[in-house]
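To start, the structure itself, in structure tokens.
Number of protein chains: 2
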Amino acid sequence: MTITQLKYVLAVAENQNFTKAAEKTFVTQPTLSMQIQKLEDELDILIFDRSKKPIELTDIGSKIVTQARNIVNEANRIADIVDQQKGFIGGEFKLGVIPTVMPTLLPMFLRNFINKYPKVKLKIEELPTETIIERLNEGHLDAAIAATPLQLENIKERPLYYEPFVAYIPENHALHTVQKITVSDLDLNDMLLLEDGHCFRDGVVNLCKTNRNYEDETFSLESGSFETLVRLANEGLGMTLLPYLHTLDIKDSEKKYLHHFKEPAPAREVSLLYHKSELKMQIIEALRSTIAGVIKGAITFQNVEIISPLPQKSR
Amino acid sequence: MTITQLKYVLAVAENQNFTKAAEKTFVTQPTLSMQIQKLEDELDILIFDRSKKPIELTDIGSKIVTQARNIVNEANRIADIVDQQKGFIGGEFKLGVIPTVMPTLLPMFLRNFINKYPKVKLKIEELPTETIIERLNEGHLDAAIAATPLQLENIKERPLYYEPFVAYIPENHALHTVQKITVSDLDLNDMLLLEDGHCFRDGVVNLCKTNRNYEDETFSLESGSFETLVRLANEGLGMTLLPYLHTLDIKDSEKKYLHHFKEPAPAREVSLLYHKSELKMQIIEALRSTIAGVIKGAITFQNVEIISPLPQKSR
DNA sequence: TTTTTTTATAAGAAAAATCAATCGGTCGTT
DNA sequence: AACGACCGATTGATTTTTCTTATAAAAAAA
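Here the protein sequences come in this chain order: E and V. Under UniProt numbering, the first sequence has 209 at position 209, and the numbering climbs by one with no breaks. Under UniProt numbering, the second sequence has 15 at position 15, and the numbering climbs by one with no breaks.
So, in structure tokens, the structure goes:
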């Protein structure tokens, strides 16, 4: 049994296809087939059920895949240990970021980070929380930034900052005169929301629900970006909630429509996520400290109440 | 990097010698040297400091060895998983047993076990607790039977039974008339003990010390076997304590000198020990259940107080 | 100094991993 | 039913890797 064989098995298990797996592992398909056959012969079991289309893992096969992932992870860590010893922080690093954090946080720390660690080849992808979790588990992401707490079995969370919600209330709105609003002022039916799939949307819904219970979940209007939401609000279609960092980019002329919450303000917790195997931990730590450094100047709030980003099962 | 290379590294680290490591791994010394050099080249570090005699690990080398042990363990577990799936319980299994448990426990379950699991090649070694711990950590033992609790970082304990101490008090002894003795009756200076290194001896010393404190630790007489202790006691040289199972083998004519303790009787906890990596867990479990089955008939005590087997630092 | 022990190196043999080409089976489509 | 697309297995040549024997070099022991 070799580590290479285990990597081949993982590739086939993930792609459910020998040919694609071969491409991913940069070998030809016969090589892959033979190595996997050799392993199966050695163990005297079948890992894959080739009669199914697409190919499936056998019972024992899926146990082996789990353990193989373990072994390959532990093997990768050897390189980590060496890097750490050499003080080398570099190599490819895949970071996932949720859409509602991406545009505000990224510009704040990115230049800083690549200056400080020029040898790290950062590959950043904007992804919904769900996909982030999948890819962290499969090892296709090295780390991610998302709203927490998620409390997942195999994923560790390291909070970066707490970002309060800020209300955007247009001139003609009923709440316009209220200076410091509270959660109980909120009405979900009057709220402009992001499209489904954004965890910030789920956070807002959770927040409003702590107040009242809505059976009917037909929301008035939804959009894919905060900018659109603000514009819709200006048109008198309702109010909306924004994460604090987004309010820093708003036009001066519109800043007067921002209303902060009475403390403790509702807030989302934004964390650095990584797999419990703690691979590439030096880079993760470098990332965390860089972000912590730049965020300190931007967010000074203390007294906040964390709103869960998890979508609640309705009906 | 290959698993084979890691195994070679482990062998050299353990033997501190390329030639011996080569023998242990069943390859020639040049093979070993070259493979290790290849790994060192690939990682671009030195694992071994060859200038020292005997050879030493570098700083980074010892970290790599730790991780390598990890990887090799996890890799071995693949075979475990397959065996479990096939319901196969077999292969070589190395069991360590402490001297004071060996002669009484082994005959009770051994025949039973080899009948039930004929494919397991049991290799049993009588070893002191200290050596058992070392070998479990290095993976040279698959499991062991020893007195607990030891509370060690990398070793799990699964209690098998609680074996009360029984006093052997010869006719002319001061305590001879006392039927049920108590711990406070004991006097370490009057106690015949096993030689240094036996954990049962440490248990007895601990037990007596709960009673009084002795500054002077010059014990009267020591011996390597319980049989000798009994004979010495018969000669009027003092009393002694025996583990319960040993009292079953005593001559009928001497049984009258056995005195049980008042409940809760002091007892030692005898456990199955294995490495936390839980390799060969099916065999370990088979062993445990077999022993548990035979011991149930022999030991029915309930109300006991466990005496630590750990030697206390004196002076 | 000589001998012994121990690791490194060199060269050839054996084993293995890989590739290009191709086969054979299973789909879905026409 | 015939065709083509897809997919994994097989074959045979080629390259790469691993291992061994033989030997050199260095260090330690005598």
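Glycine included, C-beta positions come from ideal geometry on N, C-alpha and C. Given the structure is predicted, the values throughout are model-derived calculations rather than measurements.
So, does the CB of residue i fall closer than 9 Å to a CB anywhere in chain E?
i          : result
Thr-4(V)   : yes
Lys-63(V)  : yes
Lys-53(V)  : no
Ile-60(V)  : yes
Met-191(V) : no
Leu-86(V)  : For clarity, residue 86(V) is Lys in the given sequence; the question names Leu instead. Output row for Lys-86(V): interface = yes.
Asp-44(V)  : yes
Ala-79(V)  : yes
Asn-17(V)  : no
Val-82(V)  : yes
Met-1(V)   : yes
Gln-67(V)  : yes
Nearest-angstrom Cα distance between residue i and residue j?
i          : j          : result
Lys-121(V) : Ala-68(V)  : 27 Å
Val-230(E) : Ile-155(E) : 34 Å
Gly-236(E) : Arg-268(E) : 26 Å
Val-82(V)  : Leu-194(V) : 45 Å
Ile-169(V) : Met-102(V) : 24 Å
Glu-153(V) : Asp-202(E) : 43 Å
Leu-287(E) : Leu-160(E) : 10 Å
Glu-74(E)  : Gly-61(E)  : 20 Å
Glu-278(V) : His-275(E) : 23 Å
Lys-53(E)  : Phe-93(E)  : 34 Å
Pro-266(V) : Ser-223(V) : 22 Å
Gln-179(E) : Ala-298(E) : 22 Å
Ile-89(V)  : Glu-285(V) : 10 Å
Leu-6(E)   : Val-72(E)  : 7 Å
Arg-158(V) : Ser-271(V) : 5 Å
Glu-23(V)  : Arg-135(V) : 19 Å
Glu-138(E) : Glu-14(E)  : 8 Å
Leu-258(E) : Tyr-117(E) : 37 Å
Asn-206(E) : Leu-175(E) : 20 Å
Glu-254(E) : Arg-111(E) : 29 Å
Lys-313(V) : Thr-240(V) : With a pLDDT of only 49 at Lys-313(V), under 50, the local geometry of the prediction cannot be trusted, and the value read off the model is given with reservation. If you take the alpha carbons of Lys-313(V) and Thr-240(V), they lie about 23 Å apart.
Phe-113(V) : Glu-126(V) : 18 Å
Lys-119(V) : Gln-85(E)  : 46 Å
Arg-315(V) : Glu-305(E) : Model confidence at Arg-315(V) stands at a pLDDT of 33, short of 50, so the residue's coordinates are unreliable; what they give is reported in the following sentence. Rounded to whole angstroms, Arg-315(V) to Glu-305(E) spans 57 Å at the Cα level.
Within 10 angstroms of its Cβ, does residue i collect 16 or more other Cβ (buried), or is it exposed?
i              : result
Lys-280(E)     : buried
residue 357(E) : Residue 357(E) is absent from the model: chain E starts at 1 and stops at 315.
His-140(V)     : exposed
Gly-238(V)     : buried
Ala-233(V)     : buried
Asn-303(V)     : exposed
Arg-177(V)     : Arg is not the amino acid found at residue 177(V); the sequence shown has Thr there. It counts as exposed.
Pro-30(E)      : exposed
Leu-32(V)      : buried
Asp-142(E)     : buried
Arg-50(E)      : exposed
Leu-308(E)     : Contrary to the premise, residue 308(E) reads as Ser rather than Leu in this sequence. Buried is the call here.
Glu-130(V)     : exposed
Glu-163(V)     : buried
Thr-182(V)     : exposed
Pro-107(V)     : exposed
I want to see whether chain V comes within less than 9 Å of residue i, judged by CB atoms only; does it?
i              : result
Ala-75(E)      : yes
Ser-314(E)     : Model confidence at Ser-314(E) stands at a pLDDT of 43, short of 50, so the residue's coordinates are unreliable; what they give is reported in the following sentence. False, the Cβ-Cβ gap to chain V never drops below 9 Å.
Ile-145(E)     : no
Ile-284(E)     : no
Ile-181(E)     : no
residue 386(E) : Nothing can be reported for residue 386(E), as the shown portion of chain E is limited to 1 through 315.
Ile-36(E)      : no
Throw me the rounded Cβ distance for the residue i and residue j pair, which I believe falls under 8 Å.
i          : j          : result
Thr-66(V)  : Gln-35(V)  : That pair is no contact at about 19 Å.
Phe-18(E)  : Val-12(E)  : 6 Å
Leu-273(V) : Ile-132(V) : 7 Å
Leu-39(V)  : Met-1(V)   : 6 Å
Val-166(V) : Ile-124(V) : So it is not a contact: roughly 26 Å between Cβ atoms.
Phe-226(V) : His-246(V) : 5 Å
Ile-64(V)  : Ile-47(V)  : 6 Å
Pro-99(E)  : His-198(E) : 6 Å
Complete runs of the alpha helix (DSSP H) confined to the region 158-213 of chain V [at least 4 residues]:
199-209
Going along the chain, which unbroken runs of the alpha helix (DSSP H) with 4 or more residues stay wholly within the region 221-272 of chain V?
226-234, 244-247
Kindly provide the ranges of any beta strand (DSSP E) runs that are 3 or more residues long and lie completely inside the UniProt domain "HTH lysR-type" (1-58) of chain V, ordered along the chain.
none
For the region 93-130 of chain E, list the beta strand (DSSP E) runs that are entirely contained and at least 3 residues long, ordered along the chain.
If you keep only unbroken beta strand (DSSP E) runs of at least 3 residues inside the region 93-130 of chain E, you get 120-126.
Could you tell me which whole beta strand (DSSP E) segments of length 3 or greater appear in the region 285-313 of chain V?
304-306
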